[in-house]
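In the working numbering, the protein residues as written are 20 to 312.
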């Protein structure tokens, strides 16, 4: 039977408290490592949308896409009905690499694939992103001020009571719902079911999604009454293992800020109405002190 703690949160069966806290601390440390990596979200410095036809790239002001640390004329991307082809300017052949190799051009594989094509020069690189009917360049710089001046992450105190065992209601068939993002675009996402849990005598329901077919985790985008106050205003993210025996563990101590909390150049999803909770989730990451807002 699910234990009801004094906080009113329905928690998973008791676990070793010290061991659990150590696990969360380790998870948080690895989270910061990923964020601070040379190609992590803190290195994101630009998002430039492509137009149909030729898009010139370089640091010179006459380019369609200006990247300050690029050669004056790096090259161009021709976008033709969903196909993007990059060609280096002959003057920049020695200054840039494509997938870490000396090439003069390539068709760009976008980020819907495991390894998108990477064009790099100096500390900067970019790759193609696909959002709705738009294609753009996600530009990263390992020497970005957001990475060099990272101030660390503040979090609520670890509270085992926020490791919630929720009842899982599978949808058969899974439902397709519309999910917006901060750009105002609408995506169709797959909701395999709902997770319900108790808090302060009330029942709450959230609907995680499956990001990609075959994923082995559920992904939850949620907001709550701390959003915009103690925590990032748009949403927080949470991953959970797939349901087992009609239950799913939602560990809100692992709730974390989306990339948009650290950089204005990310394209983060927003919570669906079902995942906007009229309660305070006092667990997980707090608002970033160095936020760009």
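For each residue, glycine too, the CB sits at the ideal point set by N, CA and C.
Could you tell me if residue i is buried or exposed, where buried requires 16 or more neighbouring beta carbons within 10 angstroms of its beta carbon?
i: residue 300; result: buried
i: residue 193; result: exposed
i: residue 205; result: exposed
i: residue 46; result: exposed
i: residue 233; result: exposed
i: residue 236; result: exposed
i: residue 142; result: exposed
i: residue 9; result: Outside the shown range of the chain, which is 20 to 312, sits residue 9, and nothing can be said about it.
i: residue 302; result: buried
i: residue 265; result: exposed
i: residue 17; result: Residue 17 is absent from the structure shown; the chain starts at 20 and stops at 312.
i: residue 103; result: buried
i: residue 165; result: buried
i: residue 168; result: exposed
i: residue 91; result: exposed
i: residue 44; result: exposed
i: residue 74; result: buried
i: residue 218; result: buried
Please report the residue range of the alpha helix (DSSP H) in which residue i lies.
i: residue 38; result: 36-55
i: residue 313; result: The requested residue 313 does not occur in the structure, where the chain is confined to residues 20 to 312.
Going along the chain, which residues of its own chain have a beta-carbon closer than 8 Å to the beta-carbon of residue i, five neighbours each way excluded?
i: residue 119; result: 137 and 139
i: residue 36; result: 179
i: residue 58; result: 144, 159 and 161
i: residue 190; result: 210, 211, 212 and 213
i: residue 107; result: 93, 94, 115, 117, 122, 123 and 124
i: residue 296; result: 223, 225, 241, 242, 243 and 244
i: residue 72; result: 97, 98 and 99
i: residue 130; result: 146, 147, 148, 149 and 157
i: residue 258; result: 236, 237, 238, 239 and 273
Determine which residues share a DSSP beta bridge with residue i and list them.
i: residue 77; result: 85
i: residue 224; result: 215
i: residue 19; result: Outside the modelled stretch of the chain, which goes from 20 to 312, sits residue 19, for which no answer is possible.
i: residue 207; result: 197
i: residue 103; result: 98
i: residue 304; result: 174
i: residue 258; result: 238
i: residue 284; result: Answer is none; residue 284 lacks a bridge partner.
For residue i, which residues from the same chain have a beta carbon less than 7 Å from its beta carbon, with the 5 sequence-adjacent residues on both sides left out?
i: residue 207; result: 195 and 197
i: residue 50; result: 275
i: residue 87; result: 78
i: residue 62; result: 159, 160, 161, 163 and 166
i: residue 230; result: 238
Considering just the uninterrupted stretch of the beta strand (DSSP E) at residue i, what are its terminal residues?
i: residue 99; result: 94-99
i: residue 17; result: The structure shown does not extend to residue 17, since the chain is modelled only from 20 to 312, so the question has no answer here.
i: residue 238; result: 236-241
i: residue 150; result: 143-150
i: residue 140; result: 138-140
Report all residues from its chain with a CB closer than 6 Å to the CB of residue i; omit the five preceding and five following residues, and keep chain order.
i: residue 186; result: 215
i: residue 188; result: 212 and 213
List in chain order: all unbroken alpha helix (DSSP H) runs of 4+ residues lying wholly within the region 153-201.
164-167
Along the chain, which unbroken stretches of the beta strand (DSSP E) at least 3 residues long are found entirely within the region 107-135?
124-126
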